[in-house]
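Chemist: I'd like to ask you about the structure that follows.
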Amino acid sequence: MRVSTAQLRWFRLRRSGLVEPFDSPEQAASALVGVQAQILPAAGLSLWNRTTGLTYQAFDELLHHQRSLVKLWGQRHTLHLYPSVEWPLLHGALTGQTTWWERQAIKNGADVEAYRATLARLAELLRQRGTLSRSDLRAADFELDDEHFSSWGGVFASLVRDGHACHAGQNGNEGRFAHREYWLPLLAWNPPPPDEANIELARRYLAAYGPATVQDLAYWRGTSMGNARRWLAALGDDVAEIESEGQTLLALRADLAVLHESPPPPEAWPVRLLYRFDPLLLGLKDKSWIVDPAHYSRVWRPAGHIEGTVLEHGRIVGTWRYDWKGSDLVVSVFPFDRWPAHVRAAVERQSTGVATFFGVKLADIVTVEKT
Numbered sequence: 000m001r002v003s004t005a006q007l008r009w010f011r012l013r014r015s016g017l018v019e020p021f022d023s024p025e026q027a028a029s030a031l032v033g034v035q036a037q038i039l040p041a042a043g044l045s046l047w048n049r050t051t052g053l054t055y056q057a058f059d060e061l062l063h064h065q066r067s068l069v070k071l072w073g074q075r076h077t078l079h080l081y082p083s084v085e086w087p088l089l090h091g092a093l094t095g096q097t098t099w100w101e102r103q104a105i106k107n108g109a110d111v112e113a114y115r116a117t118l119a120r121l122a123e124l125l126r127q128r129g130t131l132s133r134s135d136l137r138a139a140d141f142e143l144d145d146e147h148f149s150s151w152g153g154v155f156a157s158l159v160r161d162g163h164a165c166h167a168g169q170n171g172n173e174g175r176f177a178h179r180e181y182w183l184p185l186l187a188w189n190p191p192p193p194d195e196a197n198i199e200l201a202r203r204y205l206a207a208y209g210p211a212t213v214q215d216l217a218y219w220r221g222t223s224m225g226n227a228r229r230w231l232a233a234l235g236d237d238v239a240e241i242e243s244e245g246q247t248l249l250a251l252r253a254d255l256a257v258l259h260e261s262p263p264p265p266e267a268w269p270v271r272l273l274y275r276f277d278p279l280l281l282g283l284k285d286k287s288w289i290v291d292p293a294h295y296s297r298v299w300r301p302a303g304h305i306e307g308t309v310l311e312h313g314r315i316v317g318t319w320r321y322d323w324k325g326s327d328l329v330v331s332v333f334p335f336d337r338w339p340a341h342v343r344a345a346v347e348r349q350s351t352g353v354a355t356f357f358g359v360k361l362a363d364i365v366t367v368e369k370t
């Protein structure tokens, strides 16, 4: 089966919730197999773009009070939001995966067994107290190096990987972590075996981000080519090959009919302000399907940063960011080329929507034209 580039883009936008919105943030996070969340407002805007009427206040309520979303280190060892009920699935997939701190300990000849014993003691302390901050941990009687208190994870990354802990929000300026049984006491803890969990994630990955290659899955998951190839092979006849622009890609057989549908005319495609680290930009290793290579470095920045992007006809046509002017919002947009009137009008509507999401007024939209 052959599909055009336009068909690929339209399918991916639809599966990402950017054409027909998801019913809820939880459904969006499930369908996307997590929403990257090292910048929490960015995760909120990812969900706002894919649901109807979400506000930051409601987003915070779901995450920290209703707790129907949970914040964990997931694929690529990066922070993501998942539906809380799917924590066992993620735990099953990540079981046995070493953290950066553990790999450094092994490399430097540290006593890994002693470290694991310390983790067990820490997990018990967290169970007893319910929540802990890094300051609490420093005050406790544990022999840990400074690197284990790192804001990038440290010892808490190991506790999350082991299924004991999740992020519990801020207390003042300091983040806290909660024990799973304290944070979600009614959660059934029934993680599947690692291979079963990862095969299920591979299926969900193709449904959300496909058609894709083995390399794409390995990139998205942060794993080896061997693992990605094995998990996809386990899906058997549920996976089919398609051809697009001379490239062989993998798709779920159940999606072939939808993939073959003709996309609407360009003016019917959504114009979106996708904020930093949006899931659509993280699903595939090769970015040429969504951005002209000449503009790649304006989106993917040094140190792994990804700018907010303006999406039109399934392609990135500029970047954007927001800043504060007192208590009001200022949106700055940076077009790659001059935008037609319908794109400018859509960007104005979207900018107003971003301000509404934060519960503030939009003070201004600043356009910085290409020089």
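Read in order, the letters of the sequence shown are residues 0 to 370 in numbering that gives the first Met the number 0.
Glycine included, C-beta positions come from ideal geometry on N, C-alpha and C.
These numbers come from a predicted model, not from an experiment.
Grab the span of the beta strand (DSSP E) containing E60 for me, first residue to last.
Modeler: Per DSSP, E60 belongs to no beta strand (DSSP E); it is in the alpha helix (DSSP H), Y55 to H63.
Chemist: Whole angstroms are fine: how far does the CA of L205 sit from the CA of V84?
Modeler: 21 Å
Chemist: Would you tell me roughly how many angstroms separate the C-alpha atoms of D236 and L185, rounded to the nearest one?
Modeler: 37 Å
Chemist: Once the 5 residues before and after A233 are set aside, which same chain residues still bring their CB inside 7 Å of it?
Modeler: I198, listed in sequence order.
Chemist: Can you pull the DSSP bridge partners for Q246?
Modeler: S243
Chemist: Which ranges does the beta strand (DSSP E) cover as unbroken runs of at least 3 residues, wholly within the region 260 to 311, from first to last along the chain?
Modeler: 271 to 273 and 307 to 311
Chemist: Which word fits K369, buried or exposed, when buried means at least 16 other C-beta atoms lie within 10 angstroms of its C-beta?
Modeler: exposed
Chemist: Which one or two residues does DSSP pair with P82 in a beta bridge?
Modeler: L68
Chemist: Can you tell me whether DSSP reads I364 as helix, strand or coil?
Modeler: strand
Chemist: Name the one or two DSSP bridge partners that G33 has.
Modeler: Paired residue(s): none; G33 is not in a bridge.
Chemist: Going by C-alpha distance, which of V18, L78, L61 and F58 is nearest G33?
Modeler: L78
Chemist: Between the Cα of Y218 and those of R11, E195 and L281, spot the shortest distance and give me the residue it belongs to.
Modeler: For Y218, the nearest C-alpha among the options comes from L281.
Chemist: Could you check whether S331 and V309 sit closer than 8 Å to each other, using their CB atoms as the reference points?
Modeler: no
Chemist: Using a Cβ-Cβ cut-off of 6 Å (strictly less than) and excluding sequence neighbours within five positions of L241, which residues of its own chain qualify?
Modeler: Correcting the residue identity first, residue 241 is Ile in this sequence and not Leu. Counting only Cβ-Cβ distances below 6 Å, and skipping sequence neighbours, we find M0, V2, P210, L248 and A250.
Chemist: When you compare only the Cα positions, how much space is there between W288 and R8?
Modeler: 8 Å
Chemist: Per DSSP, what kind of secondary structure is F357 in: helix, strand or coil?
Modeler: helix
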